[in-house]
Each structure stands twice: as C-alpha cells, then as structure tokens.
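Below is one structure, written out as structure tokens, with a few remarks after it.
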Amino acid sequence: MSVLCNWKCQAAAVVVVLAAMLTPAGVSAEVVTLEELEELALQNQARWEAVEARSSQAGADVNAARAGKMPTFWMNISSVVAPGSDIERVQTIDGREVNVRASPTVGERTAFRPNIRYEGTIDMRAPLYDGQTRAAIKAAEAYRAAAQASSGASRETVLTMVRASYLDWTASHSVHGLAATSAREAKAQRERIAERIADGDRPGAELDAARYEELQAELLAADAFARAIAAKRLLESAVGTELSPDAEPDTRLLEIEAKGSDSDAGWQVEALERQRDAARQEARMHRKSRVPSLAVIGQTGLAGVNERVFPMYRLGLNLAVPLWDGGRALALAHSADAQAIELDALARDAHVARNDERQQALLDRQHAEDQLTIANSLVEVSEKRVEQAKTSYDLGAGDLEAVADARGALRDAQSRRVQIQVARTDAILRLAGKD
120 MSVLCNWKCQ
130 AAAVVVVLAA
140 MLTPAGVSAE
150 VVTLEELEEL
160 ALQNQARWEA
170 VEARSSQAGA
180 DVNAARAGKM
190 PTFWMNISSV
200 VAPGSDIERV
210 QTIDGREVNV
220 RASPTVGERT
230 AFRPNIRYEG
240 TIDMRAPLYD
250 GQTRAAIKAA
260 EAYRAAAQAS
270 SGASRETVLT
280 MVRASYLDWT
290 ASHSVHGLAA
300 TSAREAKAQR
310 ERIAERIADG
320 DRPGAELDAA
330 RYEELQAELL
340 AADAFARAIA
350 AKRLLESAVG
360 TELSPDAEPD
370 TRLLEIEAKG
380 SDSDAGWQVE
390 ALERQRDAAR
400 QEARMHRKSR
410 VPSLAVIGQT
420 GLAGVNERVF
430 PMYRLGLNLA
440 VPLWDGGRAL
450 ALAHSADAQA
460 IELDALARDA
470 HVARNDERQQ
480 ALLDRQHAED
490 QLTIANSLVE
500 VSEKRVEQAK
510 TSYDLGAGDL
520 EAVADARGAL
530 RDAQSRRVQI
540 QVARTDAILR
550 LAGKD
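Numbering (the working numbering), first residue to last: 120 to 554.
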C-alpha cells in the first residue's frame, strides 16, 4: 500500500510539471505556416531593410546620372560698387551715336568716383555629345541591377534561415507529439494494471514494471518537449518576432510534393555577375572621361552701370577636350578592371557551388523518398507488433517487457519516419530555391 501511495504522490508531481506537455493539442492551437513566417522575417530583418535602402540608393544614382544628359539652367545676379566704366555717348564715323564704356585715368577728376554695376542673366548648357555621361548612366544602371540582385540574394539568405529553423521546429514538435502519446499510453496501461492487480487478476510485481515504463516514457516526452521549445526559440530568433504560446507548425508541409523545373543561376550568382558587369561599366566610364564633349551654351539677361541698362545674350557651341589628368582616369579604369576580374572568378565559383548544391539536394530527395517507403512499412509492422504484444500480455502468454519493447520500437520507427520526412521536405525546399 505504501508503494502505491508513493507512486501516486510521484505521479501527481509529474502531472503538475508535465500537464501541458502531455495534453493533446486543443482547439486553441494556432497553426503557423512557413509562408507566414517568411513574410514576417522579411518585414522584421534589419539586414533586409538595409539592402532595400541600398537598392533605392542605386535607383537614385541612375536618375542622377541621367540628369547629365539634360539641359541645365541657372540664374546669375550680381551687383558691385567700383570706380570706372562710365557710360559715355559717342558718335561713330558714319554718324551714328552709340553708348560705350569708358574709364577715366588716374589723373582725371572723376577717376575714383564709384559707380554701381549690376548684371542679371539666365545661363543654359545643353550637352550634344558627352561619352562620359552615357558611360556613367550605363555604370549606374549596372550598379542598380547589382543592388537588386544583392537584394534577392539577401532575401534568399533570410528565407533559408527561416526554412531551416521551421523544419527543425516541425521535427521537434512532431517527435514531442509521438513521445507525449507514448507517455499517455504508458500511463493508461499502468492504471489498467493497477486495477487488475487490485482485482487479483495480475501479480503485484507487474506494477513496478508498468511504473518504470511510464516514467521512461514521461522522461522521453520531457526531453522532446525541451527540444521543441528550444527549436521554437531559434525560429523566433530567425523570424525576428515572438510566436504565440499556442503556436504550432503546419505539419502538412511534410507532405509537400516535389516540383521539377529548370535550374537557373540563382540570386547569389546573379549578384556577383551584376557586380562584375557594373565594374566593367565603371572602367569604361573612367576611360570615357578622356573623350571630348560638345555642348550648346546660351545666355540672356541685362547688364548696366548706374541708370544705364543694356541687353545681353549669346549662343554658341562649347567643345571641351581633356588633355592630361595625371593618369588618374586610367588608374581608376585599371582598378575597376581588376575588380571585374575578381568578381568574374567569384561568380564562376558560386555557379559551380550552386550546381553542386542542387545535385546534392536531388540526391538527398531521392534517398529520403526511398527511405520513406521503408519507414512507412516499418511503422506499420511496428504497430502490428505492439498490438500482438498487448494481446499476448492480455491473454497471459506474454509479459510487460515485450509490450514495452514493442512500443519503444514503434516510437523509434515513428521518430525516424519524421526525420526522413523532414529531410525530404528540406531537399524539396532547397531545390525550390535552386530552380
């Protein structure tokens, strides 16, 4: 009787600690899908925000470079007080009267008299040909494409982290569910044995074996529960937000079907290739800085001294021919060429690595599908062995140890099947990211 009392006291304490762990999922459970968490991760990741800002900056740089091809206008207004440059009215040899500027000499009485000079003009410059500006536009567009590809690569990195954490959480949650079910079955079996012992149908020694199996099952369930909580915390860290205490994974993800498609280079490879192209365009831009530029220039406005005001305008062509910059443009071009060569090598290596990853994912998926067929059969056989062991025990032809061994084998087979399902899903998702 004291043994039964101690067992009951211990069971009460364990139930208090493991109640939530061993209780089946209720209607309040909140199923969280992978797609929802991926969207949350992209919203919460500071790294993703930085990449988006870099992409926006690259777009603004393109607009700034294109502005170099547009006409520019500016206004000049100036006013000074200085001696000289008086306005004099003189007669030309053909009899016409014109206004001219004339400055008195130092010896004259009005030499140091101040005059107000002023000028207001609107100036214009319209490029006709500027090879450097066109090269700068192409370089800016290449850098924008590189920033967009880097944005895609960063997005892919974030999603890979979330998917890996989500699959780990799904596996831990499923294994915990199996362990909790096994613990409940062991508890129910111990209670049935206690009743049969009280009725005198079974020897009292069997209660020790039943209690041992129950504690073993509860210990496994507690360990699985801790692993599930740890996996959930890692997922929350990857997503950047805290999940509801009732949140649980969508186990339907483990039944996802493989979809075949043609492989592409991938965001990481594309980002390197775009950066390489941008470096090449930058080298071309630096070389184009040595090319002459041609532009239309114009000016219109008013100029005057004191109360005399005169119209002014001019229109012409401006040809600028670079002569020598100390070798700066050529040095910058060589630097950009070297960067392009480095990025090209990195892009080729990344392309090879991505193809290797895809081939490995294909092999992992095939192996997982082959193993899953075997695991399903193993679970079916293990379930039959448990039923056979329980029937044999109920008929008195077997013992509890055989039932415990059969149930342990079933739990191992089920856990192994979950691991294989997770491995298969992981391979399919990796292929989805590679295709």
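Think of the CB as a built atom: it goes at the ideal place given N, C-alpha and C, for glycine as much as any other residue. In this text the structure is predicted, and so the values were computed from the model without any measurement.
With DSSP as the reference, identify every bridge partner of residue i, one or two as the case may be.
| i | result |
| --- | --- |
| R433 | Q418 |
| A439 | S412 |
| A464 | DSSP lists no partner for A464. |
| Q210 | E216 |
| N234 | A201 |
Is the beta carbon of residue j closer than 8 Å to that of residue i?
| i | j | result |
| --- | --- | --- |
| R467 | L550 | no |
| I241 | F192 | yes |
| S363 | E149 | yes |
| V498 | R543 | no |
| L373 | R530 | no |
| A508 | A521 | yes |
| A366 | V151 | yes |
| L438 | L465 | no |
| A455 | H405 | yes |
| A261 | A397 | yes |
| L519 | A329 | yes |
| E85 | A307 | No information on residue 85 is available, as it lies outside the stretch 120 to 554 that the chain covers here. |
| A258 | A390 | no |
From residue i to residue j, what does the alpha carbon distance come to, in whole angstroms?
| i | j | result |
| --- | --- | --- |
| P441 | L449 | 13 Å |
| A341 | V471 | 44 Å |
| D249 | R395 | 24 Å |
| I460 | Q251 | 22 Å |
| D444 | V428 | 42 Å |
| R208 | R220 | 9 Å |
| S291 | H486 | 22 Å |
| M140 | Y285 | Here M140 scores only 43 on pLDDT, less than 50, and its place in the model is too uncertain to base an answer on. |
| F231 | I206 | 15 Å |
| S293 | L326 | 30 Å |
| A305 | T276 | 44 Å |
| G446 | K351 | 59 Å |
| P233 | G435 | 34 Å |
| P143 | A347 | For P143, the pLDDT reaches just 43, beneath the cut-off of 50, and the residue's location in the model is therefore unreliable, although a value from the coordinates is still provided. One C-alpha to the other measures close to 15 Å. |
| A417 | M189 | Residue identity check: residue 417 is Gly in the sequence provided, not Ala. Rounded to the nearest angstrom, the two C-alpha atoms are 14 Å apart. |
| S269 | R371 | 32 Å |
| D381 | A546 | Because the pLDDT at D381 is just 48, under 50, the model does not fix this residue reliably, and the value given afterwards should be weighed accordingly. C-alpha separation (whole angstroms): 16 Å. |
By the 10 Å Cβ neighbour count, where 16 or more other Cβ atoms means buried, how is residue i classified, buried or exposed?
| i | result |
| --- | --- |
| Q162 | exposed |
| L548 | buried |
| W386 | buried |
| Q267 | buried |
| S174 | buried |
| T289 | buried |
| V388 | buried |
| A345 | exposed |
| D287 | buried |
| A494 | buried |
| D213 | exposed |
| I312 | buried |
| A469 | buried |
| Y432 | exposed |
Helix, strand or coil for residue i per DSSP?
| i | result |
| --- | --- |
| N425 | coil |
| M280 | helix |
| E376 | coil |
| M243 | strand |
| E361 | coil |
| Q538 | helix |
| A516 | coil |
| V498 | helix |
Quick one: does residue i have its CB under 8 Å from some CB of chain D?
| i | result |
| --- | --- |
| R346 | Protein chain content of the structure displayed is limited to a single chain, and chain D is not contained in it. |
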